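Read through the structure below, which is laid out as structure tokens, and then see the notes.
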Amino acid sequence: MLDRKALQMVFNNLIGNALRYSPVGSALKIHLHRTGRFWDVDFADKGIGFDKKDMKKVFKKFYRVQNEDTQNIEGAGLGLFIAREIVKNHKGKLRVASLGRGKGSVFTVSLPISRGLTV
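According to this note's numbering, the sequence shown is numbered sequentially starting from 3.
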């Protein structure tokens, strides 16, 4: 069973972050695909990206990347923490990948496929 409203919060957070941390007019690609026993939803942006050290911390409560690219962007550092908790409660995973600062990022939500669902 999926909590539709909770997952909507997750997707809204990821889309909102992609827009907030990307140049105006840049593309956001959302891709749904099956990986083994999971549905993966990738949110790929052309935003500011992450240093390796920050990728390990972005899901921590109240953590915010601190650099000149983020200093004027408002937030409490709770969105990704809450999103990850919601996805965990659905027996899924929320991950991030980035090639580095200035190179965008990809957030992936992985949710298990229902046993009764076939594609």
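Ideal Cβ positions, reconstructed from N, Cα and C, are used throughout, including at glycine. Computed from a predicted structure; not experimentally measured.
- When the beta-carbon positions are compared, residue 100 and residue 42 stay at least 8 Å from each other.
- Restricting attention to 109, 50, 37, the CA atom closest to the CA of residue 86 is found in 109.
- The alpha carbon of residue 63 has as its nearest neighbour, out of 55, 84, 45, the alpha carbon of 84.
- Under the three-state reduction of DSSP output, residue 98 falls in the strand class.
- In terms of Cα proximity to residue 103, the closest of 23, 93, 81 is 23.
- Judged by their CB atoms, residue 31 and residue 46 are nearer to each other than the 8 Å cut-off.
- Membership of residue 83 in the alpha helix (DSSP H) is indicated by the continuous run 81 to 91.
- When 50, 35, 80 are compared, the shortest CA-CA separation from residue 60 is found for 80.
- Between residue 48 and residue 29, the CB-CB gap stays under 8 Å.
- Between residue 27 and residue 107, the C-beta spacing is not below 8 Å.
- Counting only the Cα atoms, residue 91 lies some 10 Å from residue 5.
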